[in-house]
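A.B. asks:
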């Protein structure tokens, strides 16, 4: 057994964090017992259960201990062990992480905005004058009316506010109701177009008909997390789960104890990579090529689930070579129906609806008259032919034998799960990656089965469980959809129409949106900017009026995201200082604009309406729900199977009712099948690559959720004292004369930032990473200069426009840069 | 009489620091003070070779892509033969019969012999008035005495030494230490080491949980299951 030398160990300890007290060199007089004492006051304690709604998909339940009206401790809260209707719910552990516990610091942070303010200096000067709520809301109402009269109703933009995932005040919250009522522009419904929509877009290409209004513009629900206990292998694809959704790691570890293999695919050696059975250090942005290589291998070695493909997918459907569309009966028989055509085992062509059909062939190619046709699976096999292990290795830097090993690992485990993070969404081709993974999942019969699936977001059922029609669109009034990717052009170029004012609510667009220089210019061009937030954000810095918002503990709401439980959020403490809930803020302005009748209910009344509590027409997922259940626990939704599995009944809301791995809607984009396409910028074939040879990632860390919790002492003390840093491989650093810890300039044609370099072997050579979300505000600068989003871009992927709710997001990671020492 | 102990499973630990932040909250530790920390280390070094923590959190060892990364959560080991107790000239540091090493704040004179004697570097001296955020009392929030001795109060006096109490006030109320409760991945197990059927005993006796720096003879009641990260097939 190797022995430790004590000196070595102590050196290690001193290298850790937080020993400032020990290393202080001076002695002082002792002041024993000088400090005051607190008396036990147990009787003044109260405990509340609430949901942690701060834009973290974990959506932990919090048990909040309050003493004398102030929060004293937050811990994980238990979950109901039954569904709304009393069926057995999964065994789900109380969960919390360092961010949840730190909410006590966040809530009482000195960075809180305490009062309404109006700007008295130039934009961004940090000069404010305190005003009353009355003056603030009168000014907003008057300015909004003026601007709407002058430039049209849509000239006001109420953007998505993703700082919260709760119902009344989050991504489907009161801001949209307000936008609808006043006829303004609104951000995206339910999706986060700033960075997340590519993933659900891919999901909706293959599993949903996005053009059918009955589908509400698209689905995004994945497997309930506890379902991964049923998986034989879990591919954590670009998902640093152990760091970003820490409590879910408990489930992964429990599965692994049962024999489940865990594969991590990531260009970085993260805590997730370190703990996985297999780590695949892939070149970032090339994920679809790796999937294509796996698909080719699965097809070559016939590791497909033929019965599943024949019954539930478009595999046997014939596809025309001329139009690239499915062959229909009417294409073959004059006056025929729209029925899809297949080739029977005897070689005859039949409509898939033909009762005489014996067994449709999966692979076939033939001619019908002058038309050449082949089955969709044949088309896939043909399209995948180039993706040999060697070719894939050249693109992805994953060794050829690893490509086939991964294919085998995935296809032979039954069931096999893919769990992604939103990192894949931060690529221009994120939609394609998802399309490819779902194609592979379909081939192996892994969709709609326990332990299978392709999951990014383990929760919600927002489109079905909630009756949002009247909440978001009262009296049929509707906002005009203006996604965040188009907003800057609307402000700067009147494209597609002018936007002259905006009201951001807990949304740090000025810092967290890509191409920060463009965003800043756009926001500075506005006639009027209102920002409601609980901290003084980079966006608030630019506002004309700043309003103090409540945190999740100071208002009443409902959390139904991130899992399949309903979490009532009672007002745990009174609003601090003069902060108000978002609902109250919109109510005040709406009344002054003459729309008070649309804001006349209490939060509980709106929740009753949205969940249809006590109504016969409540959705099956919440049927029978009572206020008693909601206020005394966290019931699981009534789902067709527990844990929840999307498409468990194998009924797919696509045009064909089947899994459409061949996507007709994508023919105009040459993307009907999942053949690899290179990233839009961060790829070696890009001529820019010579000038900017490093892929610039700006990933997530456990110490923040985007730009929340960013300036909290507890977390900053662990996280480099709050100073941002650039992870760079020592090989790349030394080649540029960069010392560990030195200040470097990171730049491309769009912008630059300055930040301390941190040597780490944990990042692939040719790739650098700067954790996003650090503050770059008037008062707080967590990078030496600038922010990662000074370098990122707003290049939109047009293919995603076919999914109404999930139009192109910002491809933050699809970005090149160069790094040099400062002073060179 | 129980002998309270803890087993920390390093193969489950992902270095998230939730235990450390939870510790800060329940004990209202001042800014800059950590009773409980998480060192970035190497797997399989764990209990036997507590390698130096890398200067930066999460920086792995090795050369890309042949890398290793593990974590060592570190707080008071609650030794059965505790050097800190032996060197205390005034008997402020004492061992309760159930194994908890505690500090009597009313006796501590701040000589810091114990700080020097502790081989684990987990004792903290209050040099001056503490700074806290938020600035009101949080966490357990009350003074706590055992056998008449003051072993916890929310605002500790300047000039005394403080450290992990194994959440004595919770343990005495039949609760687990807070770090065990909040660990998001269930890497910490708390229980009675004198009960051969307890989970901690099974982990120590059958699963190979080990003491940190066992060769020093301090005989801690905190044990570690070494990280058993699988070898990677990556390269």
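Protein chains in written order, with my numbering: chain H, 1 to 824; chain Z, 1001 to 1235.
Note that the Cβ used here is the ideal one computed from N, Cα and C, for glycine as well.
#1: Using a beta-carbon distance cut-off of less than 9 Å, what residues from the stretch 94-107 of chain H approach chain Z?
#2: From residue 156 of chain H to residue 448 of chain H, what distance separates their C-alpha atoms?
#3: Under DSSP, the beta strand (DSSP E) around residue 567 of chain H begins and ends at which residues?
#4: Measure the C-alpha to C-alpha separation of residue 342 of chain H and residue 351 of chain H and round it to an integer number of angstroms.
#5: For residue 173 of chain H, which of H:582, H:792, H:774 has the nearest alpha-carbon?
#6: Can you pull the chain Z residues whose beta carbon is under 7 Å from the beta carbon of residue 702 of chain H, in chain order?
#7: Are the stretch 769-776 of chain H and the stretch 786-794 of chain H touching by the rule of at least three beta carbon pairs closer than 8 Å?
#8: What residue does the alpha helix (DSSP H) around residue 203 of chain H start on, and which one ends it?
#9: Could you work out which residues of chain Z lie near residue 408 of chain H, taking near to mean beta carbons separated by less than 9 Å?
#10: Shorter than 8 Å from the beta carbon of residue 1218 of chain Z to some beta carbon of chain H?
#11: Of the residues H:737, H:765, H:740, H:681, which one's Cα is nearest the Cα of residue 810 of chain H?
#12: Please confirm whether residue 1012 of chain Z has its beta-carbon closer than 8 Å to some beta-carbon of chain H.
#13: For residue 170 of chain H, is the classification buried or exposed, using 16 other Cβ atoms within 10 angstroms of its Cβ as the cut-off for buried?
#14: So residue 729 of chain H contacts chain Z; which residues on that side make the cut at Cβ distance below 7 Å?
#15: Here's the rule I'm using: 16 or more other beta-carbon atoms within 10 Å means buried, otherwise exposed. How should residue 1012 of chain Z be labelled?
#16: Under 8 Å, Cβ to Cβ, is there at least one residue of chain Z near residue 760 of chain H?
#17: Pull the bridge partners of residue 117 of chain H from the DSSP assignment, please.
#18: Going along chain Z in order, which residues have a C-beta closer than 7 Å to the C-beta of residue 70 of chain H?
#19: Helix, strand or coil for residue 239 of chain H? Go by DSSP, reduced to three states.
#20: Report the residues of the stretch 232-256 of chain H with a CB closer than 8 Å to any CB of chain Z, ordered along the chain.
#21: Taking 8 Å as the CB-CB cut-off, is residue 1101 of chain Z touching chain H?
#22: Could you work out which residues of chain Z lie near residue 269 of chain H, taking near to mean beta carbons separated by less than 8 Å?
#23: Rank Z:1223, Z:1134, Z:1175 by C-alpha distance to the C-alpha of residue 1028 of chain Z and give the top, closest one.
#24: Counting only runs that start and end within the stretch 1158-1225 of chain Z, where is the beta strand (DSSP E) found for 3 or more residues in a row?
#25: Figure out for me which residue from Z:1039, Z:1214, Z:1018 has the closest Cα to the Cα of residue 1122 of chain Z.
#26: Is any beta-carbon of chain H found at less than 8 Å from that of residue 1026 of chain Z?
#27: Which residues of chain H have a Cβ atom closer than 9 Å to the Cβ of residue 1002 of chain Z, listed in chain order?
#28: Please say whether residue 609 of chain H and residue 198 of chain H have beta carbons closer to each other than 8 Å?
#29: Any idea if residue 53 of chain H is buried or exposed, counting beta-carbon neighbours within 10 angstroms, 16 or more meaning buried?
#30: Just to confirm my understanding: we take residue 514 of chain H, look at its own chain, exclude 5 residues before and 5 after, and list those with CB closer than 7 Å. What are they?
#31: Using Cβ-Cβ distances below 7 Å, what residues of the stretch 1182-1207 of chain Z are close to chain H?
#32: Out of H:818, H:544, H:314, H:404, which has the shortest C-alpha to C-alpha gap to residue 691 of chain H?
#33: Flag this pair as yes or no: are the beta carbons of residue 62 of chain H and residue 45 of chain H separated by less than 8 Å?
#34: Given this structure, state the Cα-to-Cα distance separating residue 356 of chain H from residue 689 of chain H, to the nearest angstrom.
#35: Can you give, in chain order, each stretch of the beta strand (DSSP E) that sits fully within the stretch 326-411 of chain H and has at least 3 residues?
#36: What in chain Z is Cβ-close to residue 775 of chain H, meaning under 8 Å?
C.D. replies: In short, the structure shows the following:
#1: Those would be 94, 95, 96, 97, 98, 99, 100, 101, 102, 104, 105, 107, in chain order.
#2: Here residue 156 of chain H corresponds to residue number 156 of the first chain, with the count starting at 1. Here residue 448 of chain H corresponds to residue number 448 of the first chain, with the count starting at 1. A direct Cα-Cα distance of roughly 42 Å separates residue 156 of chain H from residue 448 of chain H.
#3: Here residue 567 of chain H corresponds to residue number 567 of the first chain, with the count starting at 1. First-last of the beta strand (DSSP E) with residue 567 of chain H: 567-569.
#4: For this step, residue 342 of chain H is matched to residue 342 along the first chain. For this step, residue 351 of chain H is matched to residue 351 along the first chain. Near 6 Å, if we compare the C-alpha coordinates of residue 351 of chain H and residue 342 of chain H.
#5: Within the first chain, residue 173 of chain H is the residue found at index 173, counting from 1. Restricting attention to H:582, H:792, H:774, the CA atom closest to the CA of residue 173 of chain H is found in H:582.
#6: As a first step, residue 702 of chain H is located in the first chain; it is residue number 702 there, counting from the start. Within chain Z, the residues placing a beta-carbon under 7 Å from that of residue 702 of chain H are 1016, ordered along the chain.
#7: Segment contact: the stretch 769-776 of chain H against the stretch 786-794 of chain H, three or more CB-CB distances shorter than 8 Å; contact assigned.
#8: By 1-based counting over the first chain, the position of residue 203 of chain H is 203. In the DSSP assignment, residue 203 of chain H falls within the unbroken alpha helix (DSSP H) covering 198-207.
#9: Locating residue 408 of chain H in the first chain gives position 408, where the first residue counts as 1. Result: empty, since nearest Cβ-Cβ is about 12 Å, beyond 9 Å.
#10: By 1-based counting over the second chain, the position of residue 1218 of chain Z is 218. Not closer than 8 Å to any Cβ of chain H, the Cβ of residue 1218 of chain Z fails to qualify, so no.
#11: Here residue 810 of chain H corresponds to residue number 810 of the first chain, with the count starting at 1. Answer by Cα proximity: H:681.
#12: Here residue 1012 of chain Z refers to the residue found at position 12 when the second chain is read from its first residue. Chain H places a beta carbon closer than 8 Å to that of residue 1012 of chain Z, counting this residue as a contact.
#13: On the first chain, position 170 is the one that residue 170 of chain H refers to. So residue 170 of chain H counts as buried.
#14: Position 729 of the first chain, counted from the first residue, corresponds to residue 729 of chain H. Around residue 729 of chain H, the beta-carbon contacts reaching into chain Z at under 7 Å are 1064.
#15: Working through the second chain from its first residue, we reach residue 1012 of chain Z at position 12. Buried: at least 16 other Cβ atoms inside 10 Å.
#16: Position 760 of the first chain, counting from 1, holds the residue named residue 760 of chain H. Yes, its Cβ sits closer than 8 Å to a Cβ of chain Z.
#17: As a working note, residue 117 of chain H is residue 117 in the first chain. DSSP lists H:130, H:546 as the bridge partner or partners of residue 117 of chain H.
#18: Position 70 of the first chain, counted from the start, is the residue given in the question as residue 70 of chain H. Chain Z residues near residue 70 of chain H: 1136.
#19: For this step, residue 239 of chain H is matched to residue 239 along the first chain. In this structure, residue 239 of chain H counts as coil in the three-state DSSP scheme.
#20: Listed by position along the chain: 242, 243, 246, 247, 249, 250, 253.
#21: Translated into the one-based positions of the second chain, residue 1101 of chain Z becomes position 101. Judged by the 8 Å Cβ criterion, residue 1101 of chain Z is not in contact with chain H.
#22: Along the first chain, read from residue 1 onward, the residue named residue 269 of chain H stands at position 269. Ordered by position in chain Z, the residues that pass the 8 Å Cβ test against residue 269 of chain H are 1060, 1064, 1065, 1067, 1069.
#23: Start at 1 with the first residue of the second chain, and residue 1028 of chain Z comes out as number 28. The shortest C-alpha separation from residue 1028 of chain Z is found at Z:1134.
#24: Here the runs fully enclosed are 1188-1192, 1222-1225.
#25: Start at 1 with the first residue of the second chain, and residue 1122 of chain Z comes out as number 122. Selection Z:1039, Z:1214, Z:1018 evaluated against residue 1122 of chain Z yields Z:1039 as nearest (Cα-Cα).
#26: Here residue 1026 of chain Z refers to the residue found at position 26 of the second chain. Yes, contact with chain H.
#27: The residue you call residue 1002 of chain Z lines up with position 2 of the second chain. Per Cβ cutoff of 9 Å: no residues; residue 1002 of chain Z is ~24 Å from chain H at best.
#28: If you number the first chain from 1, residue 198 of chain H lands on position 198. If you number the first chain from 1, residue 609 of chain H lands on position 609. Inclusion of residue 198 of chain H and residue 609 of chain H in the CB contact set at 8 Å is not warranted, their separation being larger than that value.
#29: Stepping through the first chain from its first residue, residue 53 of chain H is reached at position 53. The residue in question, residue 53 of chain H, is buried, as its Cβ has 16 or more Cβ neighbours within 10 Å.
#30: By one-based count along the first chain, residue 514 of chain H stands at place 514. Cβ contact annotation for residue 514 of chain H (same chain, cutoff 7 Å, sequence separation greater than five): 789, 792, 793, 794, 810, 812, in chain order.
#31: Within the stretch 1182-1207 of chain Z, the qualifying residues are 1182, 1184, 1185, 1186.
#32: In the first chain, residue 691 of chain H corresponds to position 691, counting from 1. Nearest C-alpha to residue 691 of chain H: H:818.
#33: On the first chain, residue 62 of chain H is found 62 positions in, with the first residue counted as 1. On the first chain, residue 45 of chain H is found 45 positions in, with the first residue counted as 1. No, the pair does not count as a contact, with Cβ atoms beyond the cut-off.
#34: Locating residue 356 of chain H in the first chain gives position 356, counting from the first residue. Locating residue 689 of chain H in the first chain gives position 689, counting from the first residue. Residue 356 of chain H and residue 689 of chain H: Cα-Cα distance of roughly 58 Å.
#35: 341-343, 349-351, 365-368, 371-375, all fully within the stretch 326-411 of chain H.
#36: Here residue 775 of chain H refers to the residue found at position 775 when the first chain is read from its first residue. Chain-ordered listing is empty here: chain Z has no CB closer than 8 Å to the CB of residue 775 of chain H, the nearest sitting near 16 Å.
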